[in-house]
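Those protein sequence lines, which keep their order, are chains U and Y. Reading the first sequence from the start, the letters are residues 4 to 438 in our numbering. Reading the second sequence from the start, the letters are residues 2 to 698 in our numbering.
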Amino acid sequence: MLYNEPSPLEVRLLTRRFGLPNSASIETYLATEGYVAFRKALQMSPEQIIEEVKISNLRGRGGAGFPTGLKWSFVPRQSPKPKFVVVNADEGEPGTCKDRVLMENDPHQLLEGMLIAGLAVGAHTGYIYIRGEYRYLIEIMDRAIEEAYQHGYLGKNILGSGFDFDVYTHTGAGSYECGEESALLESLEGKRGIPRIRPPFPAVVGAFQCPTVLNNVETFCAIPAIIRDGGAAFAALGTPKNGGTRLFAISGHVNRPGVYELPMGFNLLRMIHEVAGGIRNGKKLKAVIPGGTSCPVLKAEECDIPMDFDSLARAKSMLGSGGVIVMDEDTCMVKVALRIMKFYAHESCGWCVPCREGTLWLKKLLTRFHEGQGRRSEIDLIGGLARNMLGRTFCPLGDAAAMPTISLVEKFYEEFEAHLDGKPCPYEIKTAVRV
Amino acid sequence: MADRVKLQIDGKTVEAPAGALLINVARQAGIDIPAFCYYDGLALQAACRMCLVEVEKAPKLLAACTLPVTDGMVVRTETAQVREARKAMLEFLLTNHPLDCPVCDKGGECELQDAVFRYGAGESRFTEEKLHVPEAQWSPVVYYDAPRCILCYRCVRICDEGLGVRALGVVNRGATTEIAPNRGDHLECDECGMCIDICPVGALTSGIYRYKTRPWEMKHVGTICTHCGDGCKTTLGVYGGQIIRGNNRDRSGINDEFLCIKGRYAFDFVHHPDRLRTPLVRRNGQLVETSWAEALDLVARKFSEVKARGRKFGVIGSNRTTNEENYVLQTFVRQGLGTNNLDHHRTGDVVSLVAALAGRQGALAASADLYQRKAALIVAADLAQQHPLLAFLLRANWRHHQARVYVVTPGPVREDSYAVRSVRAPSGEELAAVESLRDALAAEPELVILFGDSVKGERVRRLVEFGDSLGISVQYVCLLDYSNSRGAADMGVLPDLLPGYAPVEASGAPPGLTLPEMLDAPDLDVLWVIGANPLARRALTSKEAFVVVQDLFLTETAARADVILPAASAYEKTGTVTNTCGEVQRLRKAVEIPGTKSDLEIFGLLARRMGLPFGPWRPEEVWEEIRANVSGYNVPSALLAAGGAFPTFPASGLHSVRPKPELIRSAGDTLFTSGTLGRYCKTLSSVREAPGTLYRS
Ligand SMILES: Cc1cc2nc3c(=O)[nH]c(=O)nc-3n(C[C@H](O)[C@H](O)[C@H](O)COP(=O)(O)O)c2cc1C
Ligand code: SF4
Ligand code: SF4
Ligand code: SF4
Ligand code: FES
Chain U
4 MLYNEPSPLE VRLLTRRFGL PNSASIETYL ATEGYVAFRK ALQMSPEQII
54 EEVKISNLRG RGGAGFPTGL KWSFVPRQSP KPKFVVVNAD EGEPGTCKDR
104 VLMENDPHQL LEGMLIAGLA VGAHTGYIYI RGEYRYLIEI MDRAIEEAYQ
154 HGYLGKNILG SGFDFDVYTH TGAGSYECGE ESALLESLEG KRGIPRIRPP
204 FPAVVGAFQC PTVLNNVETF CAIPAIIRDG GAAFAALGTP KNGGTRLFAI
254 SGHVNRPGVY ELPMGFNLLR MIHEVAGGIR NGKKLKAVIP GGTSCPVLKA
304 EECDIPMDFD SLARAKSMLG SGGVIVMDED TCMVKVALRI MKFYAHESCG
354 WCVPCREGTL WLKKLLTRFH EGQGRRSEID LIGGLARNML GRTFCPLGDA
404 AAMPTISLVE KFYEEFEAHL DGKPCPYEIK TAVRV
Chain Y
2 MADRVKLQID GKTVEAPAGA LLINVARQAG IDIPAFCYYD GLALQAACRM
52 CLVEVEKAPK LLAACTLPVT DGMVVRTETA QVREARKAML EFLLTNHPLD
102 CPVCDKGGEC ELQDAVFRYG AGESRFTEEK LHVPEAQWSP VVYYDAPRCI
152 LCYRCVRICD EGLGVRALGV VNRGATTEIA PNRGDHLECD ECGMCIDICP
202 VGALTSGIYR YKTRPWEMKH VGTICTHCGD GCKTTLGVYG GQIIRGNNRD
252 RSGINDEFLC IKGRYAFDFV HHPDRLRTPL VRRNGQLVET SWAEALDLVA
302 RKFSEVKARG RKFGVIGSNR TTNEENYVLQ TFVRQGLGTN NLDHHRTGDV
352 VSLVAALAGR QGALAASADL YQRKAALIVA ADLAQQHPLL AFLLRANWRH
402 HQARVYVVTP GPVREDSYAV RSVRAPSGEE LAAVESLRDA LAAEPELVIL
452 FGDSVKGERV RRLVEFGDSL GISVQYVCLL DYSNSRGAAD MGVLPDLLPG
502 YAPVEASGAP PGLTLPEMLD APDLDVLWVI GANPLARRAL TSKEAFVVVQ
552 DLFLTETAAR ADVILPAASA YEKTGTVTNT CGEVQRLRKA VEIPGTKSDL
602 EIFGLLARRM GLPFGPWRPE EVWEEIRANV SGYNVPSALL AAGGAFPTFP
652 ASGLHSVRPK PELIRSAGDT LFTSGTLGRY CKTLSSVREA PGTLYRS
């Protein structure tokens, strides 16, 4: 099975072709309104395309939620340099696996989104930077690209319009950090995956020092629907300023984990109980990380919340990449903190001091803590070190490591206290999470 | 002129050009913002996060090292939040830092120590195990201790951006990130030690200085490198009468902090075990030790006798002795011995250049011009090998000001990598290739032409004619090999020219013999060689000649001597030297080697013994005489004494040259050789010979 059983509560816009026979083929794509939006965009001016994307209230699906139309409008109209379209398919955020199913089941939708972006900003080359672990997806994308060339949707003078566009896939060459947009561009250029000093932002100085539109896979995949049906229709699916649907990857202690396309603003508790079939083994909900491990944790009582960027920001968390990690009452939150920090210490690029040294220190400290060797004063040290990283690192990875840590210490202080002075982890046997 | 903006830093109103970096604007206003990764003139990194400051309206602290100032900006650099952030960064840095300060070479001069002292916490909260990696030796010169490394990437940038060598890189990620050498486990590079000295901590240390002493136990003597003709200032660290370190961390002098391997490490010849420390005389065919008095008596007697009989002297001066010594030598020879048979190994045709320029002011480039002028043409020289400082300055000019560099050389050179045009032309045929660049060069606003030894005699005149015909401002550098090659010519250590390039005919005497003419003369009675090794390249024809040699070592020439007088090196005396660009600078005495005497002192002792009407000489007095008498040398003594470098311009120049191109030949030194002296520098012989100029990458 390519994809979990769909839920009747889903609104299937980006995933509408999932489950069709040969859904990845251009024949299926063309038979289901494929490249219709692109044909329509060919008749539109770049300004009209960007305006439509702005109206759609589409916000970046990579994590930061930046309004996509606005981002595109930053690309200079007149530029003596070539421009590029870059797809961030590095999908590294723990708990996130939506880009993968989008590329696997409907690769042409992504290509069509890239083509429209190319029209909007005047770019003629696109790169898809696919994480190394997704090697099989490179084959799928390459096949789709080949089909698109054969059918005249890529190459020179596409559909006789005079518009040229080429697309290349590029294997990810590095850690999680390579998903950060500027590190991705460095890596794409064949250098170490180290973030760049910003400003300038990629829209102005991106790939190979040229203006670049860089978006997440899902962001590009939403573009054909927006152009085809109009930005207003897309916006209407969501909540104010949070247009459209979103692919939520629900994982953890639920009965039916999977990727579900739901309208923006869908209630988190309903998501857990009605879409994902509730908590496993009849256990109680303890906490949710709502948008990938970079987001502050929500306690069970905070989970009655609409899943959109603004509501979660108000709850001092983030919608992030839409990776909903559900934890039941048997979960050790110290172990969660440790597992998260292990990830960030492993993935830190090492460029800047607070992240490089802070994540390693916290990993060691949390390891010792989880083994019951913590001291009381060190509970505050954990939060304190994370705060010393927060807002001071070179790129947001340091923040991503700090934020969940701070929230875990704050919200589950008593669990840290339960690990002091040689006490064994009270959840040790029952915890499913492997460290 | 860029727009100027007004901003406030710590309550002070400051004006600065828009877009200037906050860290620099603050520093200029006397407000120091700590920084490890930021380094003047190198690419921005924003990695160490030490420079975070509060900026009004910004939601979080901002890195001052990458923040362009804007009008109305309000900055605070000493708030509780800022101090707290600095403390936190230092705490993070110290987690995996070994804290072996008591045995670290950098202790006392370490930027991390200083920062922790100012901003750090009094106690450590880190109780986990530190990461450890063993130290590595990358070359005889460079050692790397990864745990001490704070990953500021200065070393990587200076090697790549500064030198164009690109021998250092970064490997691994996260907390295991390390700096790595280009050959996996070792370095193949210029071995200049720039990376070592730029390292803020003791992560990179030098094989030469490691564990020798504590920095505060040394005496620091700023003097001029004695090797190539570029004239870098080097600060020698002296401990217990020994020179144990060289660097230029105070960034004074024409070279800022640049030094090549020779200026930084090739001081060890001073203490070489083969150093001559007693006069030697030949008895029954053997060189035997003797006293200074006896040796000097013998020489004086012989000189007086030969002079009295009106017989033939040949005197060969040095490319490394001081201006004062060269000036006195030519006085001694011309007035004391009554001959013009005086010459030195000429490594470039500065004589023809001075003649061709005929006193035109401003036509000689100073080293600073290489960093500032808009365009440069290199003719027949491998700058990176033979003139490391000039190569560095030119490259910096290209990096910082986009200078346009043209190259005409027989083979590939490092400058090709950024030159706008590189043309290959066989040695001696460069001028035709230069001609092919005419249109491009004429389109430049200004130009510096540097030329090597194959442009000599008539070709120098033609090159200057070419420069004149471009219709733009052109300056010249005649590339010369050693620390005082230029001074030897300026001071008239030549058979046909007096100090300041005045023709000897003016004094009524005919020109003397040139260096090869002396060596070839069958009837030469005395050959007196001061700090040179001519017999390494050409045999002495006269079997009867009485040979007197003043030198540091038993060279090929000294081995033929009848009397050897052990001389002091440039690091053991005061005086001035003039670099290839014509800048005069002062030497300072770092150490004394017992048993040796400076050439100037030797001249005085000989003059007295010969009853000549001059001497003894003190360098300061001779210098004043040079200022008064040598065209172009009237530079301010006080500023010179304070460490300045002054361009000298030989104004007379109106002499008719007798082009003797056969006399001009560069020794063709590489980065790792320095004529005869280089053989006695263990550091130079320990490094692997530079594989041409270019490293495999
Ligand atoms: C450490 C780090 C890792 C990231 N990884 C990804 C990723 O794997 N995929 C992704 O689309 N965006 C990732 N992002 C976000 C990108 O930097 C960027 O904001 C995004 O790709 C922009 O596309 P969007 O506007 O469509 O979201 C990451 C950001 C950070 C700081
Ligand atoms: S926060 Fe610093 S060390 Fe961490 S990934 Fe970003 S740049 Fe690299
Ligand atoms: S070796 Fe020194 S200069 Fe190089 S990165 Fe490490 S601390 Fe910086
Ligand atoms: S460039 Fe020349 S003067 Fe400078 S340190 Fe090297 S040898 Fe000495
Ligand atoms: S000096 Fe600004 S981050 Fe290092």
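Where a beta carbon is used, it is the ideal one built from N, C-alpha and C, also for glycine. Since the structure is predicted, the reported quantities are computational estimates derived from the model, not experimental observations.
Sub-8 Å separation of residue i and residue j beta-carbons
i: V220/U; j: D102/U; result: yes
i: G325/U; j: R249/U; result: yes
i: I473/Y; j: A441/Y; result: no
i: N580/Y; j: T677/Y; result: no
i: T362/U; j: Y347/U; result: yes
i: V54/Y; j: R77/Y; result: yes
i: E277/U; j: L12/U; result: yes
i: A382/Y; j: E360/U; result: no
i: L607/Y; j: L338/Y; result: no
i: G318/Y; j: I180/Y; result: no
i: K303/Y; j: F547/Y; result: yes
i: A206/U; j: V78/U; result: yes
CA-to-CA distance, residue j to residue i, given in whole angstroms
i: V14/U; j: A252/U; result: 15 Å
i: I439/U; j: V83/Y; result: Residue 439/U lies beyond the range of chain U shown here (4 to 438); nothing can be said about it.
i: W217/Y; j: D251/Y; result: 15 Å
i: P614/Y; j: G42/Y; result: 55 Å
i: K338/U; j: E183/U; result: 26 Å
i: M392/U; j: I32/Y; result: 25 Å
i: L62/Y; j: N248/Y; result: 36 Å
i: V436/U; j: D146/Y; result: Summary for V436/U: the model assigns pLDDT 45, below 50, so the residue's position carries little reliability; its value from the coordinates is reported in the next sentence. Approximately 38 Å between the Cα atoms of the pair.
i: Q138/Y; j: F673/Y; result: 19 Å
i: E136/U; j: G429/Y; result: 60 Å
i: E584/Y; j: S82/U; result: 47 Å
i: M4/U; j: G165/Y; result: In this predicted model, M4/U has a pLDDT of only 41, less than 50, meaning its place in the structure is not dependable enough to derive any value.
i: V438/U; j: T80/Y; result: Here V438/U scores only 48 on pLDDT, less than 50, and its place in the model should not be relied on; the value that follows carries that caveat. The straight-line gap from Cα to Cα measures roughly 41 Å.
i: T434/U; j: C335/U; result: Confidence is the limiting factor: at T434/U the pLDDT is only 48, short of 50, which leaves the residue's position unreliable and the question unanswerable from this model.
i: P427/U; j: L272/U; result: 32 Å
i: R415/Y; j: G242/Y; result: 39 Å
Bridge partners - residue i, DSSP secondary structure assignment
i: P293/U; result: G295/U
i: V549/Y; result: W529/Y, V564/Y
i: L322/U; result: Bridge partners of L322/U: none, in fact.
i: T581/Y; result: Answer by DSSP bridge pairing: none, since T581/Y is not bridged.
i: Y502/Y; result: Looking at the DSSP assignment, Y502/Y forms no beta bridge with any residue, so it has no partner.
i: R587/Y; result: T577/Y
i: P648/Y; result: E584/Y
i: T174/U; result: I133/U
Under 8 Å by beta carbon: chain C residues contacting residue i
i: G185/Y; result: Protein chains in the displayed structure are U and Y, and chain C is not among them.
Residue i: CB within 7 Å of a non-hydrogen atom of ligand 7
i: I199/Y; result: Ligands displayed in this structure: ligand 1, ligand 2, ligand 3, ligand 4 and ligand 5; ligand 7 is not among them.
Expected contact under 8 Å - CB spacing of residue i and residue j to nearest Å
i: N341/Y; j: G488/Y; result: Not confirmed; about 19 Å, so no contact.
i: V356/U; j: F93/Y; result: 5 Å
i: D72/Y; j: G203/Y; result: About 42 Å separates the two Cβ atoms, so there is no contact after all.
i: P214/U; j: K84/U; result: 7 Å
| query | Is it a yes or a no for the segment 322 to 331 of chain Y touching the segment 430 to 441 of chain Y, going by three-plus beta-carbon pairs under 8 Å? | reply | no
| said: Within 8 Å, do at least three Cβ pairs link the segment 371 to 390 of chain U to the segment 208 to 216 of chain Y? | reply: no
| task | Decide yes or no for the touch test of the segment 580 to 598 of chain Y against the segment 492 to 504 of chain Y: beta carbon pairs closer than 8 Å, at least 3 of them. | result | no
| task | Please determine if the segment 328 to 338 of chain U and the segment 256 to 264 of chain U are in contact, where contact requires at least 3 C-beta pairs separated by less than 8 Å. | result | yes
| Do the segment 521 to 528 of chain Y and the segment 310 to 317 of chain Y meet, that is, are 3 or more Cβ pairs less than 8 Å apart? | yes
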